[in-house]
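Report on one structure; see the data block that follows.
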Amino acid sequence: MSGGLDTLAQPGGRGMLGRRFAFLEPSMALWLVLIAVLVFLVASPVVRILVSSFQEPETGRFTFANYAEAYGNWRQLRAVVNSIELGLGVALLAGLFGVPIAWAISRTDMPAKGFVRLMVFGAFITPPYLGAIGWILLAGPNSGWLNKLWMAATGAGHGIFNVYSMPGLIVVVAVTSFPYVFVFVNSALDLVSSEMEDAANILGAGTLRTTFRVTLPLVVPAIIGGLIISFLEAIALFGAPALIALPARFHVVSTQLWQFFEYPVRVEEAAAFSLPLLIITVLMFWLQRAIIGRRGYAAVTGKGGERRTIRLGAWRWAMLGYAFFVCALAVILPMTVLLQAAFAKAWGRGLSLDNLTLRNFTYLLFEQTQAQQAIVNTFVYSGATAFAAIGLALAIAYVVNRRLVPFSNLLAFLCMAPFVIPAIVLAIGFYAAYAPPPLALYGTAAILILAYTTRFLPIAYTASAAGLRSISAEMEEAVRILGGGRLVAIRKVLAPLLKKSLAGSWLLVFIPATRELSSAIFLVGPNTRVISVMLFDLSEEGNFEVLSALGAILLIITVTIAAIGFRVIGRDFMVRSAR
Amino acid sequence: MIGHFASRRDILKGGAGIAALGIGALAPRSASAAEMTAREKELYAAAKQEGSLTWYTAHYDDQTAQSLGRMFEQLYPGIKVSVVRTTAQVAFQRVSQEIKAGAMQVDLLSTTDIGHYVYLKDKALLEKYVPDNAGRVLEIYKNYDPDGFYFVTSAGMVAMGYNTTKLAATDAPKNWTDLIDARWKDKVSLGHPGFSGYVGTWVVTMRKLYGWQFFDKLAANNPQIGRSIVDTVTMLNAGERVVSAGPVAATMESAQRGNPLAMIYPTDGAVLIVAPSGIMKGVKHPNAARLFMEYLMSAEASKIQVDRFGETMRPEVSPAPGVVAAKDVKTIRPTVDEIFKGIPEVIKQWRDTFGV
Amino acid sequence: MSKLALRALSKRFGEVAAVDEVDLAIAPGEFVSLLGPSGCGKTTTLRMIAGFIDPSAGSIEMDGRVLSSPAGSLPPERRQMSMIFQSYAVWPNMTVEDNVAFGLRLRKLAGEEVRRRVGEMLDVVQMRHLAGRYPAELSGGQQQRVALARAIVIQPQVLLLDEPLSNLDANLREEMRFEIKRLHEEFRITTVYVTHDQAEAMVTSDRIAVMNRGRIEQVDDPHTLYTRPKTRFVAGFIGRTNFVEGTCDGATVAFDGFALPTKLIEGEVSGRVTFSIRPQSMRLSRERSPGGAGRPQIAVTILERAHLGEFWDYVVAPNGGALRLKVTAPPLDVYAVGEAATLEIDPRQMAPIA
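Residue numbers (the working numbering), protein chains in the order written: chain A, 5 to 583; chain B, -15 to 340; chain C, 20 to 373.
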């Protein structure tokens, strides 16, 4: 081949319009648009809430009265304490559930991994309020199945489990939150090459020591990330506390806020009352940054990794036993009870052949006009939300990671900020900002999808940022120096490399969106009802049979979609057995 | 029509159901029957143009509400009914939100808290419409609002329910005041006035009869507090609690399905709840709403209600044999004004006494 | 006109000047290395040339056109350059062929043309038989070849290499060094090569710019750099050396333990001067040789010795002085510690340093 320097045409085919345009990156305009969208979604409702908290209800004049009202009442203060207690308890328990199982699946030879994974997934797609109902059926102090079993076995006068208590609520919420911890820790552990552990083993450290001193510390950011998400989920949850805390006669912040929205609606006081949650979450965010620091966690630089499993010997059965115990709590027990109710004429009558019926399902699918619409709505809205959230989050994560604009950390903060606000309050903010004219989005699908997108932006962002962080910047630089712009780099290299991670992130948004209640409850109109709100309405009148049937429908469809999703993601194409 | 499965099978089922309970072999009327009044025809024509109706109701449980909606669709083909069943306060709150947003989704509002209507009428948010059927209902349900902005379309009673497997009839409480007896500790099930209009009215009545000390003492018995008054049925069914202050219609309907429940009518009187409906101003389908209002006060609607152990609105429709109706027992009822002022008050007092 | 010109190029990060007033002109087809220890600014300079970093001051020009300046910079995709990265940055989701074809496809070449050029390039780097493989199946050296092929096939104006061999083991490094040189000779692309390894730089480069703390200490061809280092740093960084201080009083330059006539020294000297004398430029012998006036002979005593297989390392001290000099000797020249010997110095190989 000749060494001639015949210049090839400049890539992109564009002539130089002028020095100034040539010097600008063409994608800059896109980034600015995205930033504007972020401001619209996150900043505007938040600002409305903050401003409202200082406003008098009718006149809009500046006042501190809302804060005085909100915090002057001992009962309301107690609600804040309860929320924190709930959050801490849930985070701790979710960690205790999630981390060992993630480790066992990722790094050891524990048997039945597929089954455990399936159960964890089941816990993930179960809405917390559905789990709560299952647990009410299981552990109601007089009527719960577990208690009845206990009473029958020991002859005691009353049961030992009381789901209507703070510990009860913590367990109920933790078993649906621990999948978050599991997912984060499992993916992180999957990236750790066995060489790290080999190095420790050669120096004489046994399995446990290596795990605690080497393996787990490597994934500390993931663990912390998972715990923080569990905490924040728990304090913002509405459905499960409404079902359990109310009969237990205590309030958490979300149920208390619900009261502020009874008639007459007191948005301003609610705004003031949501402030502690805001502050707590900001602190959490700061804490996470401080712990992780500026250490880079680039674990993938174009070379695949290699993983070997740790042999546990007889201990693997103990490990499986623990995993099974958690799965029983999270999925097997509640689902069994709910299934029984779904097929029962009257669930209180227990398992008997004459109590079996399909009527609940036929009623829902063919007679109840709302149910069909609700089912379709749920999945359409959730899908739209997932695409919107991932798209936006990835773009913002890219802008932040590559430092395309000054103050990019502020963008990251904005993406994470929706965590801060209890879903209920976020919904109110959206309602206050966009429901009335000029946008007049009340009762439309748009306001619901926008609110959902905002709500799930933090999850989408965390996943996207983690995915981006794990890809070396040089991959993209190689594209750029060869003539491709940033967008080409994203399309041809980043997106394919992130494919698996993005698909996972999509599901990570889609599935919680299908079960989302707290923000939906204020934003649905009669034509945009979703399954979660319907379930909640049904629980109001205690129609557990139909409720269980609807819950079953929700779960079946979600599982199907997720299963399809996993097939599409395909095998891990980056690690091929070669050398 | 897409999205709504009014098949021939369902019509037959509906008819068969009514026949099975021996109510009477009155065949369902169809729109083409000559029995439609002139006003009805006029309304139907206009409503058909509108094409659909959104109904927020707290008057019944979900299944009853759905049945009423379906029957309407069969009687007046071409009008789709969107039935949204919630508790009274939730329905009212949604309507308030819609008013504030200036975007009415609801057409007809049916809550169980008559105080809502006093408020709405006061703020000129209701539309005046006097149904033809207004003059054909039972006397006790007439003339709640002489100005014609709202009308009673359903009624029900709150009495004491109990689980028959856990309690013999002889041991059951006889009167409301029995509930504060220490032997019912951990055994009582209630709803919450902050959600349910039925419970709100019951609490106002109890306060009127016995003073608030009644509830202070009741709190000492650690009752289970749900949200809707229908929650009490679930709690009794589950065996979680043994006695309730519960709705007669839902409790008896559940018993009929095979659950171990029975009802006690207190000696001081069961509380009679009259639940009105009203058409909001500026709604999207006003004619459909009017037609529906007529329908709710018609014989067909009363048949369905009676079919599900509710009260009948019409004198010509009698309850099922063996079923207790309001006219058969002693009932007590607070005045509209007492309800209007009392419910917000008792909600506050309840929170202080019960902590939630 | 030079192909690439760096004029007073600077980059500050906060208070620290990572690159400080760098001036460099690179001729078309020339292979220039930026050599220096870590933190000297060579990679930052390279990334400024590539356009990933904007300069704080100064400018970068190519063919007379300004590419970077504090006022604004052309983005990397418009510079028509290529780069080889330390991590190879071969895209794991594409085959070898797709990797190499990427730049060509961006330039909208016809499919046939692309296939042809890619095939030829793969032949050049001897990777044709692996064209359908994925990077995860290749060794480090093979991945580096893919990176090279990918970079060269688009015929860039300038080729940039950022420590491309530091991830390879020693044997592979030597092989790839020659490979890079061979490719340069074949294609004659203007190349800027960043490394901390002097051997790499010496083998491949037409000229080497030695950098220290953000500044260029000296730019010369490898031979000149070795024989005529201008600063202490350069002398010490390229090969090993002895630093010897002398005072010139006109006719003689006096050192500690010996003296030399000034006229034997190449270059102007006056006052106190430090000289760099390479261990290889002196000779040990047992007897004084008639050598000649041009080669001073000094009586020394052997202080230390180390046998490195290919040569001996001796540390000797001139009698009557405190100086210590490192000398290398062929394997058969064996001296014992404490033995007396004669050291012959070649003044032409003594480099005066500022």
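Glycine residues also receive a C-beta, built at the ideal position from the N, C-alpha and C atoms.
Small disclaimer: the values here were computed from a predicted structure and weren't measured.
Entirely enclosed beta strand (DSSP E) segments - the stretch 251 to 298 of chain B, minimum 3 residues: 254 to 264
For my contact list, Ala401(A) and Ala345(A) are in at a C-beta cut-off of 8 Å; report their separation, rounded to the angstrom. With a Cβ gap of about 43 Å, Ala401(A) and Ala345(A) do not count as contacting.
With contact counted as at least three CB pairs below 8 Å, one residue from each stretch, are the stretch 213 to 224 of chain B and the stretch 97 to 109 of chain B in contact? Flag = no, the stretch 213 to 224 of chain B and the stretch 97 to 109 of chain B do not touch.
Could you tell me which chain A residues have their CB closer than 8 Å to the CB of Ile209(B), listed as they occur along the chain? Here the neighbours are Leu250, Pro251 and Arg253.
Helix, strand or coil, according to DSSP, for Leu93(C) in the structure here? DSSP places Leu93(C) in coil when its eight states are reduced to three.
Separation of Phe198(B) from Thr161(B), as counted between CA atoms: 8 Å
Listed by chain order, chain B residues near Glu266(A) by CB distance under 7 Å: Gln73, Gln77 and Gly178
Measuring alpha carbon to alpha carbon, tell me which residue in Phe262(C), Gly255(C) and Gly290(C) is nearest Ala270(C). Gly290(C)
Which residues, taken in chain order from the stretch 473 to 488 of chain A, show a beta carbon closer than 7 Å to some beta carbon of chain C? Ser476, Glu478, Met479, Glu481, Ala482, Arg484, Ile485, Leu486, Gly487 and Gly488
Cα separation between Pro16(C) and Phe256(C)? Here chain C has residues from 20 to 373 only, and residue 16(C) is not among them.
Would a C-beta distance cut-off of 9 Å place Glu273(A) and Asn70(A) closer than the cut-off? yes
Sequence-distant residues of its chain with Cβ nearer than 8 Å to Thr361(C) (five each side left out): Leu303, Ser304, Arg305, Glu306, Arg307, Ser308, Gln316, Ile317, Ala318 and Val319
Flag Asn86(A) as yes if its beta-carbon sits less than 9 Å from any beta-carbon of chain B, otherwise no. no
If you measure between the beta carbons of Val121(B) and Trp334(B), is that distance less than 9 Å? no
Taking Pro280(A) and Val84(A) to be in contact with their CB atoms under 8 Å, please state how far apart those CB atoms are, rounded to whole angstroms. 5 Å
Does Gly122(C) get closer than 9 Å to chain A when you measure Cβ to Cβ? yes
Any C-beta of chain B within less than 8 Å: which residues of the stretch 360 to 373 of chain A qualify? Tyr367, Phe370, Glu371, Gln372 and Thr373
Contact list for Phe338(B) against chain A, beta-carbon separation under 9 Å: Arg253
Along the chain, which unbroken stretches of the beta strand (DSSP E) at least 3 residues long are found entirely within the stretch 81 to 136 of chain B? 92 to 94
Distance CB(Val229(C))-CB(Thr62(C)) smaller than 9 Å: no
Counting only C-beta atoms, is Gly70(C) closer than 9 Å to chain D at any point? Of the protein chains in this structure, namely A, B and C, none is chain D.
Figure out for me which residue from Ala22(B), Arg23(B), Ala42(B) and Leu27(B) has the closest Cα to the Cα of Ser261(B). Ala42(B)
At 7 Å on the CB atoms, spell out the chain A contacts of Ile199(C), in chain order. Within chain A, no residue comes near Ile199(C); the closest Cβ sits about 15 Å away, beyond 7 Å.
Indicate the three-state DSSP secondary structure (helix, strand or coil) for Leu167(C) in the structure shown. For Leu167(C), the three-state secondary structure derived from DSSP is helix.
Are the CB atoms of Ala178(A) and Ser234(A) nearer to each other than 9 Å? Yes; because the gap between Cβ atoms is below 9 Å, this pair is in contact.
Cα-Cα separation between Phe258(B) and Ala22(B), rounded to whole angstroms: Looking at the sequence shown, residue 258(B) is not Phe but Val. Their backbone Cα atoms lie some 29 Å apart in a straight line.
Among Pro183(A), Ser181(A) and Arg79(A), the one whose alpha carbon lies nearest that of Arg253(A): Arg79(A)
Cβ neighbours of Leu498(A) in the same chain (closer than 6 Å, five flanking residues each side left out): none
Cβ of Ala150(C) within 9 Å of Cβ of Val115(C)? yes
Run through chain A and tell me which residues come within less than 8 Å of Leu23(C), C-beta to C-beta. Result: empty, since nearest Cβ-Cβ is about 14 Å, beyond 8 Å.
Contacts of Leu506(A) in chain C (Cβ-Cβ under 8 Å): What Leu506(A) touches in chain C: nothing, since even the nearest Cβ is about 13 Å away.
How many Å lie between Leu382(C) and Val271(A) at the Cα? Given that chain C is displayed from residue 20 to residue 373, the structure contains no residue 382(C) and the question cannot be resolved.
How many Å lie between Met277(B) and Ala310(B) at the Cα? 22 Å
Between Pro89(C), Gly159(C) and Glu204(C), which has its C-alpha nearest Asn186(C)'s C-alpha? Gly159(C)
Thr185(B): which of Gly230(B), Lys201(B) and Ala234(B) sits nearest, CA to CA? Gly230(B)
Going by Cα to Cα distance, which pick from Arg343(C), Glu287(C), Ser295(C) and Gly286(C) is closest to Gly276(C)? Arg343(C)
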